[in-house]
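Asker: Here's a structure for you.
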Amino acid sequence: ACFLLGEAGAGAGAHAWVLRAFADALGFAPRLLQTEHDPALARAVAAEWPGTVHHFCPWSVWHELVRHVRGLFVADASRHGRSEGWQALCTLFWTAQKQTDS
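Letter by letter, the sequence shown follows residues 19 to 120 in the numbering used here.
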């Protein structure tokens, strides 16, 4: 396991340089990479490491889901006391995460 830190908001060119330097230091490109969602980084990974499987960090995906989707369930929750739809979505998301761990 390795940790690679880049500058937030960097362009695809800067990410590509970091990925090349990382692969040069390791002597190979990793088979799996997990990152936060960053479109420029995703483009750089696809271009520089085409054989690498690229996943977004589940915590980051969850954070964005809560930030952008949870509010859609607020009206349902205020009418029924709790949002069964939101609870179902939470269960589905975390069940899928657990299944992909094995």
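Note that CB positions come from ideal geometry on N, CA and C, so glycine has one too.
The beta strand (DSSP E) that contains HIS73, what's its start and end?
Answerer: Position 55 of the sequence shown, counted from the first residue, corresponds to residue 73. 71-74 is the extent of the beta strand (DSSP E) around HIS73.
Asker: How about GLY89 and ALA62: do their beta carbons lie closer than 9 Å?
Answerer: Along the sequence shown, one-based indexing puts residue 89 at 71. Along the sequence shown, one-based indexing puts residue 62 at 44. Result no, Cβ atoms of GLY89 and ALA62 do not sit closer than 9 Å.
Asker: Determine the direct distance from the alpha carbon of PHE46 to that of PHE111, and round the result to whole angstroms.
Answerer: Against the sequence shown, residue 111 aligns to sequence position 93. Against the sequence shown, residue 46 aligns to sequence position 28. Approximately 33 Å between the Cα atoms of the pair.
Asker: Going residue by residue through the region 26-82, where are the continuous alpha helix (DSSP H) segments of at least 4 residues, counting only ones entirely within it?
Answerer: Fully enclosed alpha helix (DSSP H) runs of 4 or longer: 30-44 and 57-66.
Asker: Going along the chain, which residues of its own chain have a beta-carbon closer than 6 Å to the beta-carbon of PHE74, five neighbours each way excluded?
Answerer: Along the sequence shown, read from residue 1 onward, the residue named residue 74 stands at position 56. Here the set comprises HIS55.
Asker: What separation, rounded to the nearest whole angstrom, lies between the Cα atoms of LEU59 and PRO68?
Answerer: Position 41 of the sequence shown, counted from the start, is the residue given in the question as residue 59. Position 50 of the sequence shown, counted from the start, is the residue given in the question as residue 68. Looking at the two C-alpha atoms, the distance is approximately 13 Å.
Asker: Given a threshold of 16 other Cβ atoms within 10 Å of its Cβ, counted over all protein chains shown, does ALA65 qualify as buried or as exposed?
Answerer: Your numbering for residue 65 matches position 47 in the sequence shown. Answer is exposed; the Cβ neighbour count stays below 16.
Asker: So, is PRO57 buried or exposed, given that buried needs 16 or more other C-beta atoms within 10 angstroms?
Answerer: Locating residue 57 in the sequence shown gives position 39, where the first residue counts as 1. PRO57 is exposed by the Cβ-count criterion.
Asker: For HIS33, count neighbouring Cβ atoms within 10 angstroms of its own Cβ and tell me buried if that reaches 16, exposed if not.
Answerer: Taking the sequence shown and counting its residues from 1, the one referred to as residue 33 is at position 15. Looking at its Cβ environment, which holds 16 or more other Cβ atoms inside 10 Å, HIS33 is buried.
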